[in-house]
Amino acid sequence: MRWLSVVIALGFFAACTSATQDLSDTKESGVTVAPATTSVGPTTIAVAPTTTAPVSTTVVVSGQTTTTAPSSAEDQAEESEPVVSYMPPTEPGEDTAVCELQDLDLGEHDPVRVGFPRPAENVSPEGVTKYALVPIDFPDAAGEPSEITAAVQDAETVVDYYREVSDGRFEVEWVVSDVFTRVSKASVDYDPTAGNPGGSKNPWGAVLSQEIIDLVDPHLDFTGVAAVFFVIPEATPDDAVINSGGWGHFMLEGAFSTDEGTVMFAHGAPSTKATRPNHAWLLAHEIGHTLGPLDLYISPTTGDELADLPMGQWGVMSSFYGAPKSMTAWNRWLIGWLESESIYCRTAASIASVEFTLRPLVLTGVGYRAAIIRINDHTAVVVESRRGLGVDQRLGDHAGILVYTVDTSVGQHQGPLRVQIPEGRSLERTYGQGWPDALLRVGDSVAVAGLTIELIQSGEYDRVRIDQ
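Residue 418 in the numbering used here sits at position 416 of the sequence shown, with consecutive numbering throughout.
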């Protein structure tokens, strides 16, 4: 068995995707990529044009430097913006424990949730976590070397994404097979609803996932790997069930066996025209599940309207198609990437009128990055400042505050977060704007849960007023 450990110069569901969602923002901008081949000294890793069952070479991708990620949000913010000085709130905040709404819908060991506490069995939100990327193909659908090159570039994008949204706390390390692994049956013969634990008819694809893992296990070191992602070729027929929505299964105690231990999550992405340009963001979405957050869309009727996407495209856990790619402030806090000092917490009953200043969510530094107003034991209103910086750079000049509600009595695929839209806003989709057009600009307000939330100043920071 031949191994190469390579540090690549990095630039960046269980059937979580829906081909019916809006595709107006599928092309990524501002991204440069590494060369198609990876060299270590005089050796170049060449991807064989034919497919094989055994894995001949494995590449370890661990991001040490970056080239594909958007330029630093901090650097971008240094460009001229109107000066709005950071001012303390007119009334002090309460202990943030007041705003840590407990999850009322899920069990103690459910792998994803909307409320606290985050399951301790999920991957650690700090340090390095390994994920495996395994290209597979079928007797009726052969893969091409260029598809592996593209998949590696997508993996690099994910490294940079999580380095930014975690404020440097969380590092993704990829173990990547550099050849296709051919499975035993034609793509159209795999049914992701068959052979699942407990007879489940969810599209878990447990049989297919375990077959692939068994094939690559003798040649791939799964030590420390939390999840494995499969890449299927573009040649996969449209009528293959596994190509309609992908497949995946997630269990905290480990759903799949390897020689090195259990893997908690295995996921196969579909290879559709809708998803291929967004594969990096689909990977980012699925890795988000291993950290604890759940899907923010409504299923099984997932579509591209607010009835099915109550957060629209605001957040990678809602949609990976849109311009705003960041994790919401609520999910960052749930994971552990926003410290208490960054949260302005109040109970709604304690507010008559209050003003506070928010720092843009994508920027680190002194000051609040989100306000959370507790309504009751399972509902809160969240206010965060968004800018076209860093992972949200495709928002461009669109800036303001985003307001949404959180309901911890609502679970997976039931729409626990709901964006609040200023009155009179169009629901049309505009490239680079973020859908729906929900950002409050100066003078805009929304009324929610008996509160009126208004943006009164905007520049380097946003000044917000809340009235009862």
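Every residue, glycine too, gets a C-beta built ideally from N, C-alpha and C.
Straight-line spacing of the CA atoms in N333 and D409 works out to 13 Å. DSSP places Q435 outside any beta strand (DSSP E), giving it a letter other than H or E.
Per DSSP, the beta-bridge partners of E357 are R467. In the three-state DSSP reduction, T159 falls in the helix class (H, G or I). A straight-line Cα-Cα distance of about 12 Å links R427 and R443.
If only complete runs of 4 or more residues are kept, the segment 280–350 shows the alpha helix (DSSP H) at 281–293 and 331–337, in order along the chain. D107 is the residue among P94, D107 and T92 whose C-alpha sits nearest the C-alpha of G413. Listed as beta-bridge partners of K275 by DSSP are no residues whatsoever.
At least 8 Å separates the beta-carbon of L308 from that of W249. Here G294 really is in contact with R120; their C-beta atoms are around 4 Å apart, less than 8 Å. Rounded to whole angstroms, the separation of the alpha carbons of P272 and I150 is 15 Å. Between A153 and A268, the alpha-carbon positions lie close to 16 Å from each other. Counted as a single uninterrupted DSSP element, the stretch harbouring V364 is not any beta strand (DSSP E), since DSSP gives it neither H nor E.
Looking only at D240, V227, E166 and A157, the smallest Cα-Cα distance to A188 is reached by D240. Cβ-Cβ distances below 7 Å link V125 to T131, A228, T292 and L293 in the same chain, with the five nearest sequence neighbours on each side left out; the list follows chain order. With at least 16 other beta carbons inside 10 angstroms of its own, V116 counts as buried. Ranking Y323, I458 and S148 by CA distance to the CA of H287 puts Y323 first. In the structure shown, L108 adopts coil according to DSSP, grouped into three states. Closest option to V383, judged by alpha-carbon separation, among I468, R431 and P302: I468. Between P194 and V265, the C-beta spacing is not below 8 Å. Excluding five sequence positions before and after D105, the CB atoms of its chain that fall closer than 7 Å to its own CB belong to R115, V116, G117, F118 and T410, given in chain order. No Cβ-Cβ contact shorter than 8 Å links L360 with V393.
Here the segment 348–358 lies against the segment 369–382, with 3 or more beta-carbon pairs under 8 Å apart. Contact check for F231 and A143: beta-carbon distance about 18 Å, past the 8 Å limit, so the pair fails to qualify. For S211, the enclosing alpha helix (DSSP H) covers residues A208 to V218. Counting every other CB atom within 10 Å of its CB across the protein chains shown gives P199 a total below 16, marking it as exposed. Sorting S328, A157, R184 and G338 by C-alpha distance to the C-alpha of P235 places R184 at the top. Cβ neighbours of T92 within its own chain (closer than 6 Å, five residues either side excluded): V356 and E357. Using a Cβ distance threshold of 8 Å, A449 and L404 do not count as a contacting pair.
According to the DSSP assignment, I455 belongs to the beta strand (DSSP E) that extends over L453 to S460.
Segment contact: the segment 200–209 against the segment 161–171, fewer than three CB-CB distances shorter than 8 Å; contact not assigned.
Under DSSP, E123 shares a beta bridge with no residue.
Cβ contact annotation for L453 (same chain, cutoff 8 Å, sequence separation greater than five): A350, I353, I375, V383, I468, D469 and Q470, in chain order. Between D112 and the set G398, L254 and K327, the nearest pair of CA atoms involves L254. In the three-state DSSP reduction, R171 falls in the coil class, being neither helix nor strand. For the options G369, D306 and Q212, the alpha carbon positioned closest to that of P90 is the one of G369.
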